[in-house]
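Before any comments, here is the structure.
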Amino acid sequence: MQRSLKICLIMLGLLQFSEVLAQGNSWTQDSLSYYEKQFWIQIKAKNAKEANKTISYITEKGSEELDPKVFDFFTSTLKKSSEVSYPEVLGNLASGLGSLEFYRGNIIGSKEAFKKAKANYAAAKMLNETAGMTMNIGIMQEKGGYFDSAILNYREALTIFEKDKDIPSLASVYENIGLAYIQLSENQKALDYFLKTDSLLSTYLDSMDNRWVGLHLNKQIALSYLNRQDEGLSELLKGLRIAEHNKNESGIGKMHYKLAVVYQYKGELEKEYKALLTAKYFLKKTQNLMDIANVNSSLAMYHLGSSYLDSAVYYAQACLSYFEPQGFTQEVGITYGTLGNVEFERKNYEQAITYFRKALEKFNDKESQDYAGFLFNIGFAYNKLGNSKLAMDYLERSLVIRKKLNIAVDLRESYQGLAEAYQRSGDYKKAFENLSLFQAYNDSVFNETKNKQLAEIETLYETEKKDKAIADLEKEKELQNLRAEKQQAQIYLGGVGLVILLGVSGLFFRQATLRKKHNQELEIKNSEIAKQNAEKELLLKEIHHRVKNNLQIISSLLSMQTRSMKDEKMKDAMKESQSRVKTMALIHEKLYQYENLSKINMQEYMEQLSEFLTHTYRSDKDIKINIDAANINLDMDMAIPLGLITNELLSNSLKHAFEDREHGEINISFSRKEPGSYKLLVKDTGIGLDKNLDIENTKSLGLKLVKTLTRQIHGELKIRIQPGTTFEIDFMEPSIAA
């Protein structure tokens with residue numbers, strides 16, 4: 000029973016796995032070989048029970064590191080199945096491998112391993128374990144977009160768990176059925192299954208157990224689709240509190256990822272972007288590529304909505320490189336849709352249609368909201384191209400689906416698109432009919448929003464009314480107490496006391512009057528200062544925003560010119576110029592996004608800079624970039640030259656350091672030696688600079704810039720060659736250097 004529970008929960012992907020971190024002096028290096036020998040000793044001694052315990056222990060410890068050697072143990076052992084000869088042991092080996100593959104995001108490998116596990120458990124007549132693997136295979140089918148098939152697998156597992164009264168496994172199956180119904184847009188059914196899960200978990204789990212984090216997250220998804228956003232936000236905050244309590248970095252990352260969705264709905268774009276960056280920061284500490292790909296997908300959509308089209312393409316391609324090989328068909332479709340929308344914004348309508356068609360091919364559910372949306376997009380693009388016939392065909396097909404789904408916002412969009420298409424074709428009667436329907440649904444959407452706002456105002460009013468009633472009662476009680484005290488004072492003090500009291504009261508009244516006048520004047524001045532500060536802060540943010548946009552335009556122009564060039568040297572020169580402009584643009588982007596308008600977080604900045612450069616100089620080589628900038632914040636005067644130096648050194652390594660090799664590593668370290676004193680270290684494992692290079696007389700523009708900028712920040716440049724190249728720059732803040 001316990002083993003089946005672990006098998007089921009391990010595959011939910013609901014934040015069970017919180018710390019997948021590579022560590023020095025790892026368990027794999029120190030102990031794996033010992034336990035591998037123990038396993039084979041136990042097999043030869045025909046002690047299957049102890050062999051199973053060893054597999055369980057290796058799986059548990061291996062999940063903490065995800066070292067390739069652990070995977071080698073499982074795959075090589077499964078290939079020697081004739082030597083093992085115990086179906087139960089083979090089933091546990093395959094199950095362990097499937098779990099580990101899932102943790103590192105290899106869905107295809109995970110699915111194949113679970114199929115082997117199911118076959119071996121069935122051969123051993125272990126029905127409960129067979130059910131667990133059936134459930135896990137269902138999850139993999141769900142990831143591939145086969146939701147009806149996934150539900151069939153879940154129900155197959157459900158009957159066995161119900162018979163055995165396996166409460167933890169039942170809770171897991173109910174939750175997975177709920178997730179599948181979300182994908183089928185049956186959100187109330189999904190929420191009902193999540194509530195069943197909640198009831199079962201409450202019978203045996205502590206309220207702060209990590210297991211709750213995933214359920215709160217999934218309930219939020221269903222509630223958001225049901226337009227119950229406030230309830231969904233409450234679920235997220237509950238889950239975040241539990242994740243933080245347990246120091247569950249994966250859970251914290253996923254909660255911030257979903258908080259970004261809520262902020263997007265509320266139109267709080269700065270909070271949305273900050274939540275996405277926070278999510279990526281925590282999720283990058285794990286090695287779960289699927290979570291990182293999901294965040295990249297959201298970042299692509301955010302940048303699309305903010306009209307940063309180059310950034311949108313970069314993040315879309317980043318997540319596509321993961322989703323496509325793993326067979327995540329629906330995610331691939333949505334990403335193609337994002338790329339299509341980018342091309343639509345660029346007015347490249349033919350290319351947009353190509354991407355939208357690719358998106359349609361990835362959706363198995365031809366009645367879904369997304370499928371209808373991409374049909375509409377194709378029709379709208381054809382309308383822009385002047386092909387009214389094809390435009391109306393796709394728009395009408397989209398409308399048929401949207402009528403079934405009956406989502407007012409989508410119907411409004413369809414009727415508006417059809418009105419434009421019929422107007423372009425000269426059919427003004429149908430254009431007017433569709434325009435009237437558009438207006439009707441526009442009013443409907445407005446009324447829905449208006450009613451929701453009225454409900455919120457009414458709730459606030461009722462709350463305020465109750466608070467006021469409580470406050471009035473407290474004041475009444477206080478007044479009664481004061482009356483009683485006054486009566487006692489009159490009795491005890493008498494006439495003399497009254498005279499003294501009046502004299503003192505007069506003095507206090509005069510002082511209070513003067514103090515009140517002074518405080519009022521001070522309050523007015525403080526209010527004016529606060530207003531001026533707020534206006535200055537807003538103005539500064541607007542300046543940084545406009546500077547960033549202007550630099551982005553320059554970067555885009557350089558990118559467009561580069562694409563039209565045939566001379567490779569000129570292309571390289573333009574790319575270098577583009578990266579320098581982007582380096583400065585990122586600084587201004589950070590400044591208008593942060594509350595603190597004077598400081599830049601160098602860890603976040605360098606990570607974004609490295610992502611941009613990796614995309615700019617993209618190649619098929621496996622180059623790993625490691626960044627460690629602690630939590631150092633610099634002002635703009637220091638951040639810009641340091642960013643340009645980092646840009647030049649990192650660009651140089653990416654272009655030249657690995658010309659004769661397929662793998663490599665670049666390490667960027669930025670540390671504070673003592674207050675006001677810093678060290679920047681950029682080190683690669685490449686071929687190294689020419690030993691005869693005269694750094695003082697070099698003709699390289701990049702190295703000249705590095706030297707000039709190093710002098711600008713009062714720094715000292717040191718270069719070490721072999722193995723690889725190391726650039727070391729020590730510098731101090733201007734106030735200290737002076």
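Going by numbering that gives the first Met the number 0, the sequence shown opens with residue 0, and the numbers climb by one from there. Beta carbons: idealized from backbone N, C-alpha and C, even for Gly.
Test item: CB-CB of residue i and residue j under 8 angstroms
i	j	result
N192	Y173	Contrary to the premise, residue 192 reads as Tyr rather than Asn in this sequence. Yes, they are a contact pair.
Q766	F146	An answer regarding residue 766 cannot be provided, because it is not within the stretch 0 to 737 covered by the chain.
I622	L653	yes
T334	A311	no
Y313	H614	yes
A93	A112	yes
R749	N441	As shown, the chain starts at 0 and ends at 737. That puts residue 749 outside it, with no answer to give.
L199	R210	no
D71	S25	no
L308	E344	yes
Y616	S650	yes
A278	H255	yes
G137	N152	yes
I718	I665	no
N91	I54	yes
Y280	E271	no
Residue i classed as buried or exposed, judged by whether at least 16 other C-beta atoms fall within 10 angstroms
i	result
T707	exposed
V739	It is not possible to answer for residue 739, since the shown part of the chain is limited to 0 through 737.
N247	buried
N630	exposed
D689	exposed
Q721	exposed
I40	exposed
E360	exposed
E673	exposed
A117	Residue 117 is actually Lys in this sequence, not Ala. When all chains shown are included, K117 counts as buried.
I499	Annotation note: pLDDT 48 at I499 (below 50); position unreliable, coordinate value reported separately. Classification of I499: exposed, given that the 10 Å Cβ count is below 16.
E463	Because the pLDDT of E463 is 47, which lies under 50, any placement of that residue in the model is unreliable, and the number read from its coordinates should be weighed accordingly. Exposed, because fewer than 16 other Cβ atoms sit within 10 Å of the Cβ of E463.
L769	Examination of residue 769 is not possible in this model, given that the chain is present from 0 through 737 alone.
Q28	exposed
K115	buried
I456	Its pLDDT being 41, under 50, I456 is placed unreliably by the model, and the measurement read from it follows with that caveat. I456 is exposed by the Cβ-count criterion.
A371	buried
From the options, residue whose alpha carbon lies closest to that of residue i
i	options	result
N376	N363, I406, F355 and A420	F355
M637	E732, I694 and L258	E732
E715	M391, L680 and L700	L680
A315	Q325, S306, T328 and A292	A292
L404	A351, L225, K568 and S320	L225
R396	S367, L633 and A407	S367
T353	G378, Q263, I686 and G663	G378
N51	Y321, F281 and Q37	Q37
T74	S62, E64, L89 and K43	L89
Y321	H255, S576, I667 and D290	D290
S171	A390, T133, Q711 and E87	T133
V766	T196, E269 and S223	Any property of residue 766 remains undetermined from this structure, which presents the chain solely from 0 to 737.
I639	M583, Y677 and F281	M583
G266	L288, G238 and Q228	Q228
S424	D409, M391 and R103	M391
N217	G252, K257 and L641	K257
Minimum Cβ-Cβ distance from residue i to chain D less than 8 angstroms
i	result
Q219	Within the model displayed, chain D is absent; a lone protein chain is all it includes.
Terminal residues of the beta strand (DSSP E) in which residue i lies
i	result
T724	T724 to M731
K717	E715 to I720
N600	K598 to N600
Residue i - containing alpha helix (DSSP H), residue span
i	result
K164	Neither: K164 is in no alpha helix (DSSP H) and is coded neither H nor E.
E360	Y348 to E360
I251	E248 to K265
N287	No alpha helix (DSSP H) holds N287; DSSP gives it neither H nor E.
K279	L268 to L282
N376	Q368 to K383
D229	Q228 to H244
R345	Premise fails: R345 is in no alpha helix (DSSP H) and is neither H nor E.
T766	There is simply no residue 766 to check, as the chain begins at 0 and stops at 737 in what is shown.
F72	P67 to K78
G213	R210 to Y224
G326	Per DSSP, G326 belongs to no alpha helix (DSSP H) and is neither H nor E.
- Can you list, in chain order, the stretches of the alpha helix (DSSP H) that have 4 or more residues and sit fully within the region 26 to 57? 26 to 43
- Task: Write down every uninterrupted run of the alpha helix (DSSP H) in the region 628 to 691 whose length is 4 residues or greater and which is fully enclosed by it, in chain order.
- Result: Taking only runs of at least 4 residues, the alpha helix (DSSP H) segments lying wholly in the region 628 to 691 are 635 to 651.
- Ignoring anything shorter than 4 residues or poking outside the region 110 to 197, list the alpha helix (DSSP H) runs there in chain order. Every unbroken stretch of the alpha helix (DSSP H) spanning 4 or more residues and falling wholly within the region 110 to 197 is given here in chain order: 126 to 142, 146 to 163 and 166 to 182.
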